[in-house]
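*Asks:* A single structure is presented below for examination.
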Amino acid sequence: MAQLTFREAIARGIAQEMRRDESVVFLGEDIGAAGGVFKGTVGLLEEFGGVRVRDTPISEQAILGAAMGAAMTGLKPIAEIMFADFFAVCWDIVVNEIAKSRYMTNGQMTFPLVIRSGNGGGLRFGAQHSQSVENWAMMVPGLKVVVPSTPEDVIGLMAASIRDPDPVIFLEAKALYSTKTDVPDGEIVDTLGTAKVLRSGSNATLVALGAMVPKALKAAEELAGQGIDCTVVDVRSLVPLDTQTLLREISATGRLFTVEENPRLCGWGGELSSIVSEEIFYDLDGPIVRITTPHIPLPAADALEDMAIPSVERIVTTVSKSMNS
Amino acid sequence: MAQLTFREAIARGIAQEMRRDESVVFLGEDIGAAGGVFKGTVGLLEEFGGVRVRDTPISEQAILGAAMGAAMTGLKPIAEIMFADFFAVCWDIVVNEIAKSRYMTNGQMTFPLVIRSGNGGGLRFGAQHSQSVENWAMMVPGLKVVVPSTPEDVIGLMAASIRDPDPVIFLEAKALYSTKTDVPDGEIVDTLGTAKVLRSGSNATLVALGAMVPKALKAAEELAGQGIDCTVVDVRSLVPLDTQTLLREISATGRLFTVEENPRLCGWGGELSSIVSEEIFYDLDGPIVRITTPHIPLPAADALEDMAIPSVERIVTTVSKSMNS
Amino acid sequence: MTTTTPAVSPMDLDEKLALYRTQLALRFFEQRAYDMFLENLVKGTSHLSLGQEAIAAGVAAAMKPTDWTFATYRGHAHTLARGVPMTPVLAELLGRSNGLMAGKGGSMHLTSVEHGVMGSYAIIGAHLPIACGAAWSAQFRGTDQVAVCFFGDGSTNIGAFHEALNFAAIWKLPVVFVCENNLWMEYTRTTEVTAVENPAADRASAYGLESIMVDGNDADAVYEVAAAAIARARAGEGPSMIEAKTYRHGGHSRADPGKYRPDSEVAEWLAKDPIPRYHTRLLELGATEDQLVEIERDVVREVDLATEEAKAGGVPGEDLLMKDVWADGGSSWRN
Amino acid sequence: MTTTTPAVSPMDLDEKLALYRTQLALRFFEQRAYDMFLENLVKGTSHLSLGQEAIAAGVAAAMKPTDWTFATYRGHAHTLARGVPMTPVLAELLGRSNGLMAGKGGSMHLTSVEHGVMGSYAIIGAHLPIACGAAWSAQFRGTDQVAVCFFGDGSTNIGAFHEALNFAAIWKLPVVFVCENNLWMEYTRTTEVTAVENPAADRASAYGLESIMVDGNDADAVYEVAAAAIARARAGEGPSMIEAKTYRHGGHSRADPGKYRPDSEVAEWLAKDPIPRYHTRLLELGATEDQLVEIERDVVREVDLATEEAKAGGVPGEDLLMKDVWADGGSSWRN
Ligand SMILES: Cc1ncc(C[n+]2csc(CCOP(=O)(O)OP(=O)(O)O)c2C)c(N)n1
Ligand SMILES: Cc1ncc(C[n+]2csc(CCOP(=O)(O)OP(=O)(O)O)c2C)c(N)n1
Ligand SMILES: [Mg+2]
Ligand SMILES: [Mg+2]
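Residue numbers (our numbering), protein chains in the order written: chain A, 1 to 325; chain B, 1001 to 1325; chain C, 2001 to 2335; chain D, 3001 to 3335.
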């Protein structure tokens, strides 16, 4: 057991897999000597050397193109896109090339690669460095999408993502980089496509992702004080989506609340809502309510950003209002 | 009244607005002398000249960057992205720049521009030239998203989009380019954010978009023969979304079926479903069912593509099965 | 215009006869594909390389079987030139289950990993960085493989071109970029929208590369510059960019008659057709008419057979539709 | 290294004093912003131009009020140099409602349309094509406006750079690209990941442009090449690309101590600090110490006042949060 921050867990997860498998390579901007702009990759260059851990120019298409070409010819690349907003400059490589090529070639090619990126708000970085893009990726057939919420999950899901033969978009909530928890020693390997039930309740099910998970947990505590007993599920993996766990937990309480950092339209919560009202409609006891960032670009000022992203308070108010109406 | 194809309606809509407003300019690849790869812009170069109708290099970022810079300084550009899949190569300009800049500058800038693009499948073009990307755009705060389904709507919604002071993503279903209907003479101007009720029924509401609209209508006819009386709503505009009309029509029948060309995850139908089960939950009489392309890249072969995209038959079967269960 | 001295020995007559055969095979195959399009058997779109065969054939002749080709939507020639049999390629154009990708890719995405054809890419520019990735992998693993990446003149104005060239140069990757300059984009003349006359060669210096231009309608000349560039790449001397001037005889894609091009230009280039030219050269070098006629017959037989076999292919079914989104062979997005 | 003969008359002493004042204002403003970051008053990130002031100041001096500036996340200097008052800029860094964009943009997105500051862009490369669009609009409307677009050395390797340069060249747009080569990206030396030594100037020929390099720590030299380039653009002679060599005194962003840089390099460049250098030059040209001290005092007063005014700003509220997504002033996505 050691106390580990979320950012340290990144490096530990990557190192664990690079030690195990020589074909794992890592490329991105400022990931080497600098240890990453979020200090998530400190020590990797030193341990694995400049051939396996390589700094690149500011050329995101080249970074992901290189990762794709390397993956199809036997390497297992990890590529960093520094801020998830920057996916927009290399989106073609992700959605048209990496995601589709296995299918188009009728399975001739496999793309065992991981693209990791700092996702979401909370650091007052403004609209071009704060958005939560998990749904951009979830929307695209052929991509797996993983979003951990604790240091331990970072390691385990990173390992699972690197070992997975399919392309994984691995989104790290920037707001969580400094969080710290105890993490067991030794190898940690988790399973993609598994949601985690963090709290069991009988009145309502809160489903959250990434930086919203600790907020949902806190909100559940406060709600318990108000007599509303909530289940909290951490989705962890949008694709594959653990619908077994999710539908079971939602059925059990009859009420679903999603807590999403993304702006509202076409968020994963909408997808989940539609699955629920298609498959377990008759188990529902009341409206499905989504708690999201409003459908606006994220503002920079601290006061404004705090208003925009779902807060514990907003979760509590929304749930209690809906449960009591 | 004249018979007009969908593709001819594009040029007529653009011409109508270029005649009216000198500040409307049009740029894209092969749009001038060639009249567009889909022949949607035939005659525009001849009428408006090479200064207002300009061929560009294969540089989608430059095309949309130019449109954005021109829009912020007083022009009203229309930019063509030939196939909607190509949005991926210039997505940054769309989502991080055009969509956010008005908000980030606290309203100092306005972006009256239209980006039009051939969207979706049906022409056996394969995975990189056939996808339906309406949800990519719907997901992004700051973009309006318009998808016409008839030649008359093309003209009216094109005019409304060009006159609108906000950036509009105007998606033309490639599968509809050859469809032909009567269109009134003279100026046609429609309103963004208005859905159209194409058929009124009492048992279920089918909500469709773009190329799925004629299929939903046909399916409704067949379902009527089976005693299932359906309302059919053409969404037409994903942002703004005409929730007034949609919720009213869904409430009235108590059953919602969406017909979506997009692959399933995070489609507009999921969003609509979530709005419905949040806001009119108690009006629902049964599950909300989504009929979509499966969550796969689109295959090229005609037989496979026809299996993938929702067909009249699949709509009929799905609705009747669900209504009779 | 700089040409480099090839570090390679010239081809002997047998090799040249093989190169002739390849060019003929590409030509006849695509003519057949066009006929079958007119019969409405080829669905969707397709883009022919008629007139440009010397490039695909010449470069392929300079490659080892373990090397990699990255092609575009105009990739029939590049695919066949690497030894992929005609039947699955044609069947793919017909959308049949015996197609190279069982109909799931189509004309624009021909891929045969077995033959080193690492995909055909239909979004302009994307495959340049991807080819860099394969080259990086060869470098990393210490194999002597070289990635060859074909693209058109119009593709030099897109961002990915720039990123890939710089990336290849700084990492000294074993990749050879081949720009097939056929003067036209789809319906627009490339020089009208390009700041320099030679869209690839005039930009080589921006990446610290030598400017290499070659007559793309001369298979021997193409072979020589390609062999030299590939040898450099194999020797760890980094990337090259070759600009090969050529012309497509037909339109951009199957439905385009190409009428925007001046008749005189078309005529000029038809006169430079690489295949009759190579035919004449072979006779000069001592090949016999009989030899050449036999090659031609042989190719026709191959095309005819492929036509029959392709047509005999089945219609792909739902099993194929839902197959191979993921490495587990399936398409499920949920647990 | 080619420099062009400016078609412009040199500045007189008063103009140079004004140019000195601008540089000082940028310097003192950013020093204050840094102090306030240490006091935890400046939230989020910010990127200082300390050491690079001669470029923003020199170029701005060559612009007309109607011309347009396109800046990056490192845009405080470029914004202030165009005459935007200090108070709203500082208040923006503090996230106050009296900020230039009421706190909605932040340090990386300073914009003042009123002053021709058409935005600061935080995704590398994006604003180069956008600046082309403004230039196109000026060309189309027949105004004499010129767009000036600043970017860094590391930004020359991204695709949008390439697309914009080609586009500007073929349409002969009135746009001037200014590459501030401060040798470093964030924490990586640009030459380590760039195929040429001078990332902008060595690539000018790929767009048919002249290669222009200038000492970016000499405001007069910057002024001269910028004035010449702007004059050419205004005269309809098309775009230019200027590479100005300089150095940032501090780290990449507020939290970065910049320790990856060799001490000797930092020392060398501190010795070339544009401001003391300009100070000396002004004295040589006949300005008095008193004049310069008075300018300094005046700037300090301005910074102090801005500090007070910015701090006095309110906290932005929900009305601002939900305002101006759309041109109707609101944020509703539904009817
Ligand atoms: C990003 C992108 N933009 C536009 C297109 C449409 N398109 C397909 S081929 C083509 C012309 C390409 O010209 P060139 O590179 O010269 O190749 P050629 O077709 O002549 O072989 C265009 C514009 C595309 N496929 N991808
Ligand atoms: C597309 C994109 N990739 C990466 C970044 C992160 N980033 C911000 S500034 C920077 C370095 C830029 O270096 P340079 O262009 O030399 O400008 P400087 O910061 O030195 O002024 C990087 C990599 C970004 N903002 N956008
Ligand atoms: Mg071409
Ligand atoms: Mg720099």
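Every residue, glycine too, gets a C-beta built ideally from N, C-alpha and C.
When you compare the segment 2135-2148 of chain C with the segment 85-97 of chain A, are there three or more beta-carbon pairs, one atom per stretch, that lie closer than 8 angstroms?
*Replies:* Counting Cβ pairs under 8 angstroms, fewer than three are found: no touch.
*Asks:* Within the continuous alpha helix (DSSP H) that includes E2311 of chain C, where are the two ends?
*Replies:* Position 311 of the third sequence holds residue 2311 of chain C. The residue asked about is misnamed: residue 2311 of chain C is Lys in this sequence, not Glu. E2289 to K2311 is the extent of the alpha helix (DSSP H) around K2311 of chain C.
*Asks:* Just confirm the distance between the C-beta atoms of I93 of chain A and F26 of chain A, as a whole number of angstroms; I'd bet it's less than 8 angstroms.
*Replies:* Working through the first sequence from its first residue, we reach residue 93 of chain A at position 93. Working through the first sequence from its first residue, we reach residue 26 of chain A at position 26. With 8 angstroms as the limit, I93 of chain A and F26 of chain A do not qualify as a contact, their Cβ atoms being about 17 angstroms apart.
*Asks:* In three-state terms, what does DSSP make of R52 of chain A?
*Replies:* Position 52 of the first sequence holds residue 52 of chain A. Three-state result, R52 of chain A: helix.
*Asks:* Quick one, what's near ligand 4 if you take every residue whose CB is closer than 7 angstroms to any heavy atom, in chain order?
*Replies:* Every residue passing the under-7 angstroms Cβ criterion appears here: D:G3152, D:D3153, D:G3154, D:E3180, D:N3181, D:N3182, D:L3183, D:W3184, D:M3185 and D:T3190.
*Asks:* Our contact map puts M3241 of chain D next to I58 of chain A with C-beta atoms below 8 angstroms; I'd like the distance itself, whole angstroms only.
*Replies:* Taking the fourth sequence and counting its residues from 1, the one referred to as residue 3241 of chain D is at position 241. Taking the first sequence and counting its residues from 1, the one referred to as residue 58 of chain A is at position 58. That belief does not hold up - the Cβ atoms of M3241 of chain D and I58 of chain A are roughly 17 angstroms apart, past 8 angstroms.
*Asks:* Can you tell me where the beta strand (DSSP E) holding P77 of chain A begins and where it ends?
*Replies:* As a first step, residue 77 of chain A is located in the first sequence; it is residue number 77 there, counting from the start. Unbroken beta strand (DSSP E) run through P77 of chain A: K76 to F83.
*Asks:* Could you check whether F38 of chain A and E60 of chain A sit closer than 8 angstroms to each other, using their CB atoms as the reference points?
*Replies:* Here residue 60 of chain A corresponds to residue number 60 of the first sequence, with the count starting at 1. Here residue 38 of chain A corresponds to residue number 38 of the first sequence, with the count starting at 1. No; because the gap between Cβ atoms is not below 8 angstroms, this pair is not in contact.
*Asks:* Identify the residues that DSSP records as bridge partners of Q1003 of chain B: which are they?
*Replies:* The residue you call residue 1003 of chain B lines up with position 3 of the second sequence. DSSP, once it has assigned bridges, lists B:D1182 as partnering Q1003 of chain B.
*Asks:* Please decide whether V37 of chain A counts as near chain D, where near means a Cβ-Cβ distance under 8 angstroms.
*Replies:* The residue you call residue 37 of chain A lines up with position 37 of the first sequence. Yes, its Cβ sits closer than 8 angstroms to a Cβ of chain D.
*Asks:* Within its chain, find whatever has a CB closer than 7 angstroms to the CB of I1275 of chain B; leave out the 5 residues flanking it on each side and keep chain order.
*Replies:* As a position in the second sequence, residue 1275 of chain B is number 275, starting the count at 1. Counting only Cβ-Cβ distances below 7 angstroms, and skipping sequence neighbours, we find T1243.
*Asks:* Counting pairs of Cβ atoms below 8 angstroms between the segment 2102-2109 of chain C and the segment 2031-2047 of chain C, do you hit three or more?
*Replies:* Verdict: yes, contact present.
*Asks:* Shorter than 8 angstroms from the beta carbon of D1302 of chain B to some beta carbon of chain A?
*Replies:* The residue labelled residue 1302 of chain B in the question sits at position 302 within the second sequence. D1302 of chain B does not count as touching chain A.
*Asks:* Return the chain-ordered list of same chain residues with a C-beta closer than 8 angstroms to the C-beta of I50 of chain A, the five sequence neighbours on each side being excluded.
*Replies:* Stepping through the first sequence from its first residue, residue 50 of chain A is reached at position 50. According to the sequence displayed, residue 50 of chain A carries Gly and not Ile. G32.
*Asks:* Tell me the DSSP secondary structure of P2088 of chain C in three-state form.
*Replies:* What you label residue 2088 of chain C is simply residue 88 of the third sequence in a count that begins at 1. In this structure, P2088 of chain C counts as helix in the three-state DSSP scheme.
*Asks:* In chain order, what residues of the segment 3300-3330 of chain D put their CB closer than 9 angstroms to some CB of chain B?
*Replies:* Those residues of the segment 3300-3330 of chain D that come within reach of chain B (Cβ to Cβ, closer than 9 angstroms) are L3320, K3323, D3324, V3325, W3326, A3327, D3328 and G3329.
*Asks:* Give every residue of the same chain whose Cβ lies closer than 6 angstroms to the Cβ of S130 of chain A, excluding the five residues on either side of it in the sequence, and list them in chain order.
*Replies:* Taking the first sequence and counting its residues from 1, one reaches residue 130 of chain A at position 130. Closer than 6 angstroms at Cβ, skipping near neighbours: G121 and L298.
*Asks:* List the DSSP bridge partners of V1289 of chain B.
*Replies:* Walking along the second sequence from the start, residue 1289 of chain B turns up at place 289. Paired residues: B:F1257.
*Asks:* Using a Cβ cut-off of 8 angstroms, pull out every chain D residue sitting near P1287 of chain B, in sequence order please.
*Replies:* Translated into positions along the second sequence, residue 1287 of chain B becomes position 287. Within chain D, no residue comes near P1287 of chain B; the closest Cβ sits about 24 angstroms away, beyond 8 angstroms.
*Asks:* Say yes only if the C-beta of A2255 of chain C is nearer than 7 angstroms to one or more non-hydrogen atoms of ligand 1, and no if none qualify.
*Replies:* Within the third sequence, the letter at position 255 stands for residue 2255 of chain C. No, ligand 1 has no heavy atom inside 7 angstroms of this Cβ.
*Asks:* Curious, which full-length alpha helix (DSSP H) runs of at least 4 residues does the segment 1163-1246 of chain B contain?
*Replies:* Runs of the alpha helix (DSSP H) inside the segment 1163-1246 of chain B: 1212-1225.
*Asks:* For the alpha helix (DSSP H) containing W1268 of chain B, list its first residue and its last residue.
*Replies:* Stepping through the second sequence from its first residue, residue 1268 of chain B is reached at position 268. That run of the alpha helix (DSSP H) goes W1268 to E1279.
*Asks:* What do you reckon, is the C-beta of V89 of chain A under 7 angstroms from a heavy atom of ligand 2?
*Replies:* Translated into positions along the first sequence, residue 89 of chain A becomes position 89. V89 of chain A Cβ: within cutoff of ligand 2.
*Asks:* Going along the chain, which residues of the segment 266-286 of chain A sit with their C-beta nearer than 9 angstroms to a C-beta in chain B?
*Replies:* If the cut-off is 9 angstroms between Cβ atoms, the segment 266-286 of chain A has C266, G267, W268, G269, G270, E271, L272, S273, S274, I275, V276, S277, E278, E279, I280, F281, Y282, L284 and G286 near chain B.
*Asks:* Can you pull the chain A residues whose beta carbon is under 8 angstroms from the beta carbon of G3045 of chain D, in chain order?
*Replies:* The count along the fourth sequence starts at 1 and reaches residue 3045 of chain D at position 45. Note that residue 3045 of chain D is Thr in the sequence shown, not Gly. The answer, in chain order, is L123, R124, F125 and H129.
*Asks:* Ignoring anything shorter than 4 residues or poking outside the segment 2197-2266 of chain C, list the alpha helix (DSSP H) runs there in chain order.
*Replies:* 2219-2234, all fully within the segment 2197-2266 of chain C.
*Asks:* Let me see if you follow: with CB-CB separation under 8 angstroms, is V1089 of chain B close to chain C or not?
*Replies:* Start at 1 with the first residue of the second sequence, and residue 1089 of chain B comes out as number 89. It does: the Cβ of V1089 of chain B has a partner Cβ on chain C nearer than 8 angstroms.
*Asks:* Using 10 angstroms around the beta-carbon of P1240 of chain B, count the other beta-carbons present and answer buried if the total reaches 16, otherwise exposed.
*Replies:* Along the second sequence, read from residue 1 onward, the residue named residue 1240 of chain B stands at position 240. When all chains shown are included, P1240 of chain B counts as buried.
*Asks:* Name the DSSP beta bridge partners of K3064 of chain D, please?
*Replies:* Residue numbering aside, residue 3064 of chain D sits at position 64 when the fourth sequence is read from its first letter. Its beta-bridge partners do not exist; DSSP assigns none.
*Asks:* What's the gap between the Cα of D3220 of chain D and the Cα of D3014 of chain D?
*Replies:* By 1-based counting over the fourth sequence, the position of residue 3220 of chain D is 220. By 1-based counting over the fourth sequence, the position of residue 3014 of chain D is 14. Using only the alpha carbons, I get a separation of about 13 angstroms.
*Asks:* Report yes if the CB atom of T1258 of chain B is closer than 8 angstroms to the CB atom of R1290 of chain B, and no otherwise.
*Replies:* For the purposes of this step, residue 1258 of chain B is taken as the residue at position 258 of the second sequence. For the purposes of this step, residue 1290 of chain B is taken as the residue at position 290 of the second sequence. Contact: yes.
*Asks:* Given a cut-off of 8 angstroms on the beta-carbon distance, is the pair A1160 of chain B and V1183 of chain B in contact?
*Replies:* Numbered from its first residue, the second sequence carries residue 1160 of chain B at position 160. Numbered from its first residue, the second sequence carries residue 1183 of chain B at position 183. No, they are not a contact pair.
*Asks:* Strictly by DSSP, which residues pair up with I2158 of chain C?
*Replies:* Walking along the third sequence from the start, residue 2158 of chain C turns up at place 158. Paired residues: none, contrary to the question.
*Asks:* Can you check whether the CB of W3269 of chain D is closer than 8 angstroms to the CB of G3058 of chain D?
*Replies:* Here the question's residue 3058 of chain D lines up with position 58 in the fourth sequence. Here the question's residue 3269 of chain D lines up with position 269 in the fourth sequence. No, they are not a contact pair.
*Asks:* For a contact defined as C-beta to C-beta under 8 angstroms, what are the partners of A1308 of chain B on chain C?
*Replies:* Counted from its first residue, the second sequence places residue 1308 of chain B at position 308. Here the neighbours are L2321.
*Asks:* Is there at least one Cβ from chain A nearer than 8 angstroms to N2181 of chain C's Cβ?
*Replies:* Locating residue 2181 of chain C in the third sequence gives position 181, counting from the first residue. It does not; no Cβ of chain A falls within 8 angstroms.
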